[in-house]
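Counted the way our numbering counts, the sequence shown spans residues 50 to 469. Beta carbons: idealized from backbone N, C-alpha and C, even for Gly. No experiment lies behind these values; they were computed from the predicted model shown.
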Amino acid sequence: MDKLIIEGGVKLKGEVTVSGAKNSVLPILAATLLTDDACVIKDVPNLRDTNTMLKILRALGKNAELDKGIVTVSSLKNTNFIADYKLVSTMRASFCVLGPLLGKLKKAKVSLPGGCIIGVRPVDLHLKGIKCLGADVSIESGYVVAKASRLRGSRMYLGGVYGSSVLATDNVMMAAVLAQGKTVIESAACEPEVVDLAEFLNKMGAKIKGHGTPVIEIEGVRHLHGATHTIIPDRIEAGTLMIAALITRGDICIKNVLFQHLGALIDKLEEAGASITKKDTTVRVRCKRRLRAVNITTLPYPGFPTDMQAQIMSLMSVTPGISVITEKIYPDRFMHVAELNRMGAHIQREGPHAIVEGVKGLSGAPVMASDLRASACLALAGLVAHARTSISRIYHLERGYENLEGKLERLGAKIWREKE
Ligand code: EPZ
Numbered sequence: 050m051d052k053l054i055i056e057g058g059v060k061l062k063g064e065v066t067v068s069g070a071k072n073s074v075l076p077i078l079a080a081t082l083l084t085d086d087a088c089v090i091k092d093v094p095n096l097r098d099t100n101t102m103l104k105i106l107r108a109l110g111k112n113a114e115l116d117k118g119i120v121t122v123s124s125l126k127n128t129n130f131i132a133d134y135k136l137v138s139t140m141r142a143s144f145c146v147l148g149p150l151l152g153k154l155k156k157a158k159v160s161l162p163g164g165c166i167i168g169v170r171p172v173d174l175h176l177k178g179i180k181c182l183g184a185d186v187s188i189e190s191g192y193v194v195a196k197a198s199r200l201r202g203s204r205m206y207l208g209g210v211y212g213s214s215v216l217a218t219d220n221v222m223m224a225a226v227l228a229q230g231k232t233v234i235e236s237a238a239c240e241p242e243v244v245d246l247a248e249f250l251n252k253m254g255a256k257i258k259g260h261g262t263p264v265i266e267i268e269g270v271r272h273l274h275g276a277t278h279t280i281i282p283d284r285i286e287a288g289t290l291m292i293a294a295l296i297t298r299g300d301i302c303i304k305n306v307l308f309q310h311l312g313a314l315i316d317k318l319e320e321a322g323a324s325i326t327k328k329d330t331t332v333r334v335r336c337k338r339r340l341r342a343v344n345i346t347t348l349p350y351p352g353f354p355t356d357m358q359a360q361i362m363s364l365m366s367v368t369p370g371i372s373v374i375t376e377k378i379y380p381d382r383f384m385h386v387a388e389l390n391r392m393g394a395h396i397q398r399e400g401p402h403a404i405v406e407g408v409k410g411l412s413g414a415p416v417m418a419s420d421l422r423a424s425a426c427l428a429l430a431g432l433v434a435h436a437r438t439s440i441s442r443i444y445h446l447e448r449g450y451e452n453l454e455g456k457l458e459r460l461g462a463k464i465w466r467e468k469e
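See the structure below:
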């Protein structure tokens with residue numbers, strides 16, 4: 050295993066381009082199971098998670114290869130409806146093959162994804178949705194077994210105790226596109242990645258309206274054909290790079306950014322004193338004056354994204370003042386607090402809140418990545434920490450960021466890999 054070494058203290062400067070969105074490409078690759086025709090997906094980031102999803106598609110009877118950012122998916126003869134434990138357990142998002150398998154084959158056997166470091170990760174809303182469509186669902190030896198002689202459109206409420214669910218919305222949408230009749234999903238997730246999936250499904254011949262709002266309507270059709278689609282830019286990578294500019298007091302231009310996907314984050318960064326200007330799909334981020342602490346509460350889109358919580362905590366840990374960060378999506382998503390405190394941060398956890406008292410500086414230290422966004426948070430802290438930070442278990446980082454260390458290095462960061 051590799052570790053990432055960062056010598057802190059360099060102000061980042063220059064240009065960087067954001068890759069395609071991980072949380073868009075994963076359900077869109079799963080959606081190719083809904084047709085036997087070939088599909089071409091462009092701007093696919095070369096990530097650990099992308100390659101896991103390609104392995105799952107191959108196990109389900111598809112030919113799927115990533116070559117220079119383009120994935121071509123075509124069907125082999127032997128379709129399979131079982132997504133097995135050893136693949137699903139490595140990546141929770143692979144649970145989103147449930148909907149398309151059920152939609153296309155009217156049967157699916159998908160391993161329960163299990164929890165992960167950021168929380169229990171239940172799937173009750175996924176199962177509620179497919180049951181509403183008429184599927185018989187049982188749990189057998191750690192697998193969800195679903196089957197239906199036919200799927201019938203229906204109205205359903207898909208909100209949970211933590212609000213809407215991104216992948217439950219995706220799964221139900223993908224099961225409903227080939228159902229008979231109309232499906233209405235109330236309290237649907239509004240994330241841009243859900244919109245991107247719906248746009249791809251409509252290119253395949255689906256009839257989906259209202260995506261991006263809390264009420265999505267799906268008119269079932271008999272057949273979906275192949276399509277070509279370009280993945281939207283990764284708003285979380287864009288946000289992470291914005292924080293990299295601010296935490297190092299640098300000045301960077303980030304290309305391939307859809308500004309409208311980052312409203313809540315940009316609002317908070319400007320409140321903290323950041324200067325953020327945009328021209329088309331390029332955003333320039335710098336500090337023209339001292340930053341000040343702000344309070345953050347994570348919410349479903351368009352609220353402040355939970356996937357940016359760890360990263361902004363790094364920034365607040367070296368910003369004068371007190372910042373209260375409240376995590377309303379995954380109340381346990383604070384594994385990064387202990388590691389930041391090892392670097393000299395002053396963060397106190399109080400239930401779903403983290404109280405961050407900004408310090409003058411962090412000190413480099415050996416730290417351990419625990420999950421994808423915590424890894425990014427530690428890399429950001431390392432950029433500003435005094436002396437050297439070494440981050441172990443960076444396979445977590447490789448799951449969701451395409452060559453982040455290369456992008457940071459091109460912006461001037463002193464960052465490299467070493468063997469553990
Ligand atoms: C997606 O996960 C993202 N992953 C996550 O990004 C992201 O943090 C999350 O949405 C929230 O925005 C992908 O898109 C691949 P949810 P998902 O269902 O769909 C609860 C990253 O770092 N819930 O929207 O699995 C759940 O426990 C990853 O890129 C239920 O209660 O998340 C959570 O508290 C991490 N029952 C809340 O809803 C359910 O059936 C939102 O989860 C499903 C979810």
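Quick one: Cα of residue i to Cα of residue j, how far?
i	j	result
ASN344	VAL186	42 Å
PRO238	ALA436	This sequence places Ala at residue 238; Pro is not what is there. The alpha-carbon atoms of ALA238 and ALA436 are separated by roughly 42 Å.
VAL93	CYS426	24 Å
GLY168	ASP381	6 Å
ASN220	CYS145	5 Å
GLU451	THR99	10 Å
LEU457	TYR192	41 Å
ARG201	ARG442	45 Å
THR518	LEU125	Because residue 518 is not part of the residues shown, which for the chain are 50 to 469, the question remains open.
LYS337	ILE325	10 Å
VAL159	VAL172	12 Å
HIS272	LEU460	47 Å
VAL433	THR330	27 Å
HIS274	LEU83	8 Å
LYS177	ILE188	13 Å
ALA255	GLU268	8 Å
ARG339	PRO76	41 Å
LEU103	LYS111	9 Å
ALA342	GLY410	15 Å
Compute the distance between the beta-carbons of residue i and residue j, then report whether it is under 8 Å.
i	j	result
MET365	VAL405	yes
VAL215	VAL233	no
VAL334	ILE303	yes
ASN95	LEU109	no
ILE90	VAL65	no
PRO162	SER123	no
ASP300	LYS463	no
LYS418	LEU446	Note that residue 418 is Ala in the sequence shown here, rather than Lys. Yes.
LEU136	ILE166	no
Can you tell me whether residue i sits near ligand 1, meaning its C-beta is under 7 Å from at least one heavy atom of the ligand?
i	result
ARG97	no
THR81	no
LYS180	no
LYS104	no
ARG141	yes
PRO369	no
VAL221	no
HIS175	yes
PRO401	no
ILE167	yes
TYR549	The first residue shown for the chain is 50 and the last is 469, placing residue 549 beyond what the model contains.
LYS71	yes
ASP356	yes
LEU446	no
VAL159	no
GLU268	no
ILE55	no
If distances are taken between C-alpha atoms only, which option among the options comes closest to residue i?
i	options	result
TYR134	THR101, SER213, LYS177 and MET417	THR101
ALA428	PRO162, TYR211 and ALA359	ALA359
HIS385	VAL306, GLY254 and ALA403	ALA403
LYS317	VAL306, THR347 and LEU307	THR347
GLY148	LEU446, LEU227 and HIS274	LEU227
MET223	THR128, ASP283, GLY208 and GLU248	GLU248
VAL332	LEU311, VAL120, GLY152 and GLU454	LEU311
ILE280	THR297, ILE296 and VAL306	VAL306
PHE308	GLY57, LYS62, LYS52 and VAL67	VAL67
PRO472	SER363, ILE315 and ALA70	Here the chain comprises residues numbered 50 to 469, so residue 472 is not present and cannot be evaluated.
ARG204	ALA418, LEU290, GLY230 and SER198	GLY230
LEU154	GLY183, LYS196 and VAL120	LYS196
VAL120	LYS156, PHE130, ASN129 and GLY69	GLY69
Complete runs of the beta strand (DSSP E) confined to the stretch 194-254 [at least 3 residues] = 204-206 and 231-235
Any beta strand (DSSP E) of 3 or more consecutive residues that is wholly inside the stretch 130-198 = 156-160, 185-189 and 192-196
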